[in-house]
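Numbering (this note's numbering), first residue to last: 149 to 1378. See structure below.
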């Protein structure tokens, strides 16, 4: 139990005790603080005491680890503190303080400890099994010497080595772990050996093994043509070793059969039986299994697995007994080259044709099969058509960007084709029509005229001031384009107006910007105030904003005046004012007397100003201008001053003459101040339409007469010019006269145009009092004459003469002369003076032709035949013979109807027999594997489509439907799909971080073993899911296996080193681990301290024990565990000090109820039993204390005892059996 410190009191006590009296000086030193040495085995330790007499020298003795030391002389400080310095680590007690023979003791023990040093070592990197390790250092990184639990590191297994510091190094034992990693042998998915057939599939030699080991191969690539051993040299990562891969290559054998590799038979002939074993002993299967004698086919022999043999085929050609068929030859145009006819029919029959090919006329050719082919003769007709030139309606001209309808793809004659280039609505273009192939037609052209759009222009409009009048914008451009403007005119802000041309003029929109300048208020530098009479510089006539103008009134240096600045015309500026302050002189001043006219009454002048009194002289005079002197009264301290009264004579004002103007011209306001400075008003109001005389009336009080001013206004004249006769577009126009019939000069706009009727504006030169006028010049557009179309004729037919007057009454002549044997274009040239263009007219002359028809595509035997057309492609009608036959190839004759000038024509319709398509079998696949698209052309040349869609998940039979027109039947093909198996593996038990891992198995535990490789590489630092990828060809899915890697826990809160005394109850301590599921195991190196030798979880509370005279020390080592994984080992120290074996009774206490030192107790850590009797100074027994826990509160039978000295007698038995006898005095204070 802690007690509050007791005061040091020196008392002189005289008491009666057993018939003697003694005098005693008392003080009570108290242990204050101790400091451990700062270095190992150093002497920097110290122990301080308080409560001693200030500034007093003591002789101090004490025990150092049981050895008496001293005395040493130490002087206390001014606060009664004394410090013993230069102490080593040890147990110090029995402190005795001697001051002039007065001795006091502090028996409490103090333990000074050396600082604990933890040896530090560089961690050993993990080593591979068998590698020579580094030696364990005998000295730590921080200079601590010691020995290791083993001097040699075991390079075959991981281990922990303990370093024990040498005595006197202040170090504690530490452990160092060395991890020995077993070597892992590289493993690959293809194992250690492989036997293949020559050029069989061999694996690529990867740079990384299935278990994550990298390295190189020698040789680097497996040769599938010869046996060999391939060596893998491992390079890492970690502790690894290489391996070898042996490859045995067996040669391939080609199976042979007695019937060879092919045969050609007639339909229905005897065929061979396909054997299951070849002549050279190779067994296998055939696909198909039986040779057909009705259909040609290829039969594939596939050797059984494991024989190192190649596939081989047996091709059987079955020739049908049929009529030879040939592809129809498309009609040609006369003169076109004809390819030689095939000497082998579509169904493989050889033979020859007759007669020789003829490319000038339609001809039927006969095919005679070669001897012994069992086939009949057949015929083939090749049609030869004559060429025609197509014609089209003309296309009217358009504006650039206008809509162009697509050109017709069929001509007036029914000829189809395409146009080039693409339509262009921005420029005149000639388009070429190319007939579709097979129509026997020539190319032709058609020109479409595209007129370019004109961008209209207008005269610029001069800038105006805001609010000024804006004239309406012209609605006809300089190029005579008419249209409208938007938005409405605005004379308050600069605006861009858009001109939109009237529809149908091939013109673009355009814009015109009219600038409206805002009025500016001019500013000027301020003029500093002046004294009366000082010089005033002329005011600037140009403002800070560069605006020019004039000032009024005239400068006045005698009075403060506001002057008005009037901007010169045409600057878009407001008037402005400027005030100039004129300060009076210091001498007395008086209000000026306004000038008077001669004879006007004058009031008496004032005799007082600003309290200055005085008199004026001479006497007032109203007939002449006079200067009067003011003489201040005596003693006013002011100077004389004067005042002039002007007496003006009456003046007649004059003004500058105003120049004559034109009627409606601008008249500036008349000046209201005359040349003599007389101000006044004018009447009547200004009139800019007639000559007027204006009267000026002076403002009252100016001694001035009225006057007049006449302004002449001249009337405007409208100029006239001779009319200009109309012209044809493009004719020459003479320049317009620049002087009118009235002698008025000016300019014309817009520029002359000889392409369109235009109105020109004449603008008179300024200063002529003339109006603008206009003159229109008519430009007549040229007309293109038109004529009635002339119907086409047959070659040699009659042509009537062409008319010499057009539908528009334009006369002229035609050229060249009429021609009734060929289509001709004739040109019409108008007679002069008619404003007309030349034009053309084409007369079509059709040749006499042989009718042709669209060929009928070959059909299959029995297919329906549509009736043949009775009208030829160029509208010739007629009849066919013989009747249609859909079972055999037949040539039909077309006989034109009478009167059409056409010859007969023939057409052959080919009828082909039906064939069954054959295909090569498809090998079985695994579910989900890629299926190559099935061939859309059979082995015997039949094209078509398959259904249903390919399915790579289940065995499916697919039906092949031949494309229409091939004379073939449908057939089927079955593709076997084997389902995938998921490989299974034994589970792998969880491991701790860093633990060795066994390589994963490369073969599954399924009934049918699946081989493959694992990824990623094994990782012993974190939980990882590994994927097993089966080797190809096994119909197996990928599989996953997760290996749990538990992290090593760490103690993140550990008890600090603790020092206690014997009997102290040490509180329990709960460790904190970084994993909530973690547990702690601990070991105690010294159970003698009262704590068990080992345990788990928290350190329990225990009572520290040490009955000896030396300190007990214990190292508590902790190891955290999670999921069976041990973490980092940590430790701390508990030191138990023995108790001091003395008894102590304070010599003063203060039972005043303040909660401090209110009871007297017996102190002693080693007391087994005790009894103390307390008496007052008169020997009266007050109380008996029989325990260190029993105290005296300074009362006797409930009554507080007075302040004074009390005596005690103490008997105690210590725990070691010694008896203690003490007596002394106690001072009670309040």
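All residues carry an ideal CB built from backbone N, CA and C; glycine is no exception.
Quiz item: What three-state label does DSSP hand residue 329 in the structure shown?
Solution: Numbered from its first residue, the chain shown carries residue 329 at position 181. Residue 329: strand per DSSP, three-state reduction.
Quiz item: Roughly how many whole angstroms lie between the Cα atoms of residue 1219 and residue 1243?
Solution: Position 1071 of the chain shown, counting from 1, holds the residue named residue 1219. Position 1095 of the chain shown, counting from 1, holds the residue named residue 1243. In this structure, the CA atom of residue 1219 is about 13 angstroms from the CA atom of residue 1243.
Quiz item: For residue 1362 versus residue 1299, is the C-beta spacing smaller than 8 angstroms?
Solution: Taking the chain shown and counting its residues from 1, the one referred to as residue 1362 is at position 1214. Taking the chain shown and counting its residues from 1, the one referred to as residue 1299 is at position 1151. Cβ distance not < 8 angstroms, so residue 1362 and residue 1299 don't count as in contact.
Quiz item: Taking DSSP as the reference, what is the three-state secondary structure of residue 1014?
Solution: Within the chain shown, residue 1014 is the residue found at index 866, counting from 1. In the three-state reduction of the DSSP assignment, residue 1014 falls in the coil class.
Quiz item: With C-beta atoms as the reference, is residue 1131 less than 8 angstroms away from residue 1118?
Solution: On the chain shown, residue 1131 is found 983 positions in, with the first residue counted as 1. On the chain shown, residue 1118 is found 970 positions in, with the first residue counted as 1. Result no, Cβ atoms of residue 1131 and residue 1118 do not sit closer than 8 angstroms.
Self-check item: Three-way DSSP call (helix, strand, coil) for residue 1116 in this model
Solution: By one-based count along the chain shown, residue 1116 stands at place 968. Reduced to three states, the DSSP call for residue 1116 is strand.
Practice problem: Tell me residue 665's beta-bridge partners as DSSP assigns them. | Solution: Residue mapping note: residue 665 aligns to position 517 of the chain shown, counting from 1. Beta-bridge pairing links residue 665 to 613.
Quiz item: Taking Cβ to Cβ, would you say residue 1120 is nearer than 8 angstroms to residue 1105?
Solution: Start at 1 with the first residue of the chain shown, and residue 1120 comes out as number 972. Start at 1 with the first residue of the chain shown, and residue 1105 comes out as number 957. Yes, they are a contact pair.
Quiz item: Any heavy atom of the ligand GTP within a distance shorter than 7 angstroms of the CB on residue 883?
Solution: Of ligands this structure carries none, so the ligand GTP is not represented either.
Quiz item: Quick one: is residue 457 buried, meaning 16 or more other Cβ sit within 10 Å of its Cβ, or exposed?
Solution: For the purposes of this step, residue 457 is identified with residue 309 of the chain shown, where counting begins at 1. Burial is judged here by how many other beta carbons sit within 10 angstroms of a residue's own beta carbon; residue 457 has at least 16 and is buried.
Self-check item: residue 544 to residue 508 span [Cα, whole Å]
Solution: Walking along the chain shown from the start, residue 544 turns up at place 396. Walking along the chain shown from the start, residue 508 turns up at place 360. Spanning the two alpha carbons is a distance of roughly 41 angstroms.
Exercise. Look at the alpha carbon of residue 961 and the alpha carbon of residue 976, and state the distance between them as a whole number of angstroms.
Key: Locating residue 961 in the chain shown gives position 813, where the first residue counts as 1. Locating residue 976 in the chain shown gives position 828, where the first residue counts as 1. Just so you know, the alpha carbons of residue 961 and residue 976 end up roughly 6 angstroms apart.
Practice problem: Using alpha carbons as the reference points, say which of 918, 911, 991 lies closest to residue 939. | Solution: Reading the chain shown from its first residue, position 791 is the one you call residue 939. 991 is the residue among 918, 911, 991 whose C-alpha sits nearest the C-alpha of residue 939.
Quiz item: Should the segment 579-594 be regarded as contacting the segment 530-538, the criterion being three or more beta carbon pairs within less than 8 angstroms?
Solution: Three or more beta-carbon pairs drawn from the segment 579-594 and the segment 530-538 are found closer than 8 angstroms, and the two stretches are therefore classed as touching.
Quiz item: Who are the near neighbours of residue 229 in its chain, counting only those whose CB is closer than 8 angstroms to its CB and skipping five residues on each side?
Solution: Against the chain shown, residue 229 aligns to sequence position 81. These residues qualify, in order along the chain: 180, 196, 197, 198, 200.
Quiz item: Between the beta-carbon of residue 510 and the beta-carbon of residue 1045, is there less than 8 angstroms?
Solution: By one-based count along the chain shown, residue 510 stands at place 362. By one-based count along the chain shown, residue 1045 stands at place 897. Taking 8 angstroms as the cut-off, the beta carbon of residue 510 is found no closer than this to the beta carbon of residue 1045.
Exercise. Measure the C-alpha to C-alpha separation of residue 281 and residue 333 and round it to an integer number of angstroms.
Key: In the chain shown, residue 281 corresponds to position 133, counting from 1. In the chain shown, residue 333 corresponds to position 185, counting from 1. Distance from the CA atom of residue 281 to the CA atom of residue 333, rounded to whole angstroms, is 21 angstroms.
Quiz item: Distance, Cα to Cα, residue 697 vs residue 835?
Solution: Position 549 of the chain shown, counted from the start, is the residue given in the question as residue 697. Position 687 of the chain shown, counted from the start, is the residue given in the question as residue 835. For residue 697 and residue 835, the distance between alpha carbons rounds to 25 angstroms.
Exercise. Use the C-beta contact count for residue 120: other C-beta atoms within 10 angstroms, 16 or more gives buried, fewer gives exposed.
Key: Outside the shown range of the chain, which is 149 to 1378, sits residue 120, and nothing can be said about it.
Practice problem: Taking only the alpha-carbon atoms, compute the straight-line gap between residue 596 and residue 560 and give it to the nearest angstrom. | Solution: In the chain shown, the residue the question calls residue 596 occupies position 448. In the chain shown, the residue the question calls residue 560 occupies position 412. Rounded to the nearest whole angstrom, the C-alpha separation of residue 596 and residue 560 is 18 angstroms.
Practice problem: Could you name the residues of the same chain whose beta carbon sits closer than 6 angstroms to that of residue 381, not counting the 5 residues immediately before and after it, in chain order? | Solution: In the chain shown, residue 381 corresponds to position 233, counting from 1. For residue 381, where only same-chain residues beyond five positions count, the Cβ hits under 6 angstroms are 363, 364, 390.
Exercise. Could you name the residues of the same chain whose beta carbon sits closer than 6 angstroms to that of residue 1262, not counting the 5 residues immediately before and after it, in chain order?
Key: The sequence position of residue 1262 within the chain shown is 1114, counting from 1. Answer for residue 1262: 1232, 1233, 1234, 1237, 1282, listed in chain order.
Exercise. Take every Cβ of the segment 462-476, pair it with every Cβ of the segment 516-523, and state whether three or more of those distances are shorter than 8 angstroms.
Key: Because the criterion of three Cβ pairs below 8 angstroms is met, the segment 462-476 and the segment 516-523 touch.
Quiz prompt | Euclidean distance between Cα positions of residue 973 and residue 929 | solution = Here residue 973 refers to the residue found at position 825 of the chain shown. Here residue 929 refers to the residue found at position 781 of the chain shown. Rounded to the nearest whole angstrom, the C-alpha separation of residue 973 and residue 929 is 25 angstroms.
Quiz item: Under a Cβ-count criterion, where at least 16 other Cβ atoms within 10 Å of its own Cβ denotes burial, should residue 1078 be classed as buried or exposed?
Solution: Within the chain shown, the letter at position 930 stands for residue 1078. Looking at its Cβ environment, which holds fewer than 16 other Cβ atoms inside 10 Å, residue 1078 is exposed.
Quiz item: Which of the three DSSP states, helix, strand or coil, is assigned to residue 1236?
Solution: The residue labelled residue 1236 in the question sits at position 1088 within the chain shown. Helix, per DSSP.
Practice problem: In angstroms with no decimal places, state the Cα-to-Cα distance between residue 985 and residue 978. | Solution: Reading the chain shown from its first residue, position 837 is the one you call residue 985. Reading the chain shown from its first residue, position 830 is the one you call residue 978. One C-alpha to the other measures close to 7 angstroms.
Quiz item: Can you tell which of 647, 641, 639 has its C-alpha closest to the C-alpha of residue 622?
Solution: As a working mapping, residue 622 is identified with position 474 in the chain shown. Out of 647, 641, 639, 647 has the C-alpha closest to the C-alpha of residue 622.
Practice problem: Quick one: give me the first and last residue of the beta strand (DSSP E) that residue 252 is part of. | Solution: Along the chain shown, read from residue 1 onward, the residue named residue 252 stands at position 104. Start and end: 250-254.
Quiz item: Skipping 5 residues on each side, what residues in its chain have a beta carbon closer than 6 angstroms to that of residue 884?
Solution: Looking up residue 884 in the chain shown gives position 736. In its chain, beyond the 5 residues on either side, 896 have a beta carbon closer than 6 angstroms to the beta carbon of residue 884.
Quiz item: If residue 1003 sits next to residue 651, beta carbons under 8 angstroms apart, how far is it from one beta carbon to the other, in whole angstroms?
Solution: Here residue 1003 refers to the residue found at position 855 when the chain shown is read from its first residue. Here residue 651 refers to the residue found at position 503 when the chain shown is read from its first residue. Their Cβ separation, rounded to whole angstroms, is 53 angstroms, which puts residue 1003 and residue 651 out of contact at 8 angstroms.
Practice problem: Go to residue 693, then tell me how far its beta strand (DSSP E) extends in each direction, as first and last residue. | Solution: Working through the chain shown from its first residue, we reach residue 693 at position 545. Neither: residue 693 is in no beta strand (DSSP E) and is coded neither H nor E.
Quiz item: If we count the other Cβ atoms within 10 Å of its Cβ and call it buried at 16 or more, is residue 499 buried or exposed?
Solution: As a working mapping, residue 499 is identified with position 351 in the chain shown. Buried is the label assigned to residue 499, since at least 16 other Cβ atoms lie within 10 Å of its Cβ.
Quiz item: Hey, residue 875 and residue 906: beta-carbon distance below 8 angstroms or not?
Solution: Translated into positions along the chain shown, residue 875 becomes position 727. Translated into positions along the chain shown, residue 906 becomes position 758. Contact: no.
Quiz item: Beta-carbon separation of residue 323 and residue 299 under 8 angstroms?
Solution: Counted from its first residue, the chain shown places residue 323 at position 175. Counted from its first residue, the chain shown places residue 299 at position 151. Taking 8 angstroms as the Cβ cut-off, residue 323 and residue 299 do not qualify as a contacting pair.
Self-check item: Residue of 728, 213, 901, 770 minimising C-alpha distance to residue 746
Solution: As a working mapping, residue 746 is identified with position 598 in the chain shown. Of the candidates 728, 213, 901, 770, 770 places its Cα closest to the Cα of residue 746.
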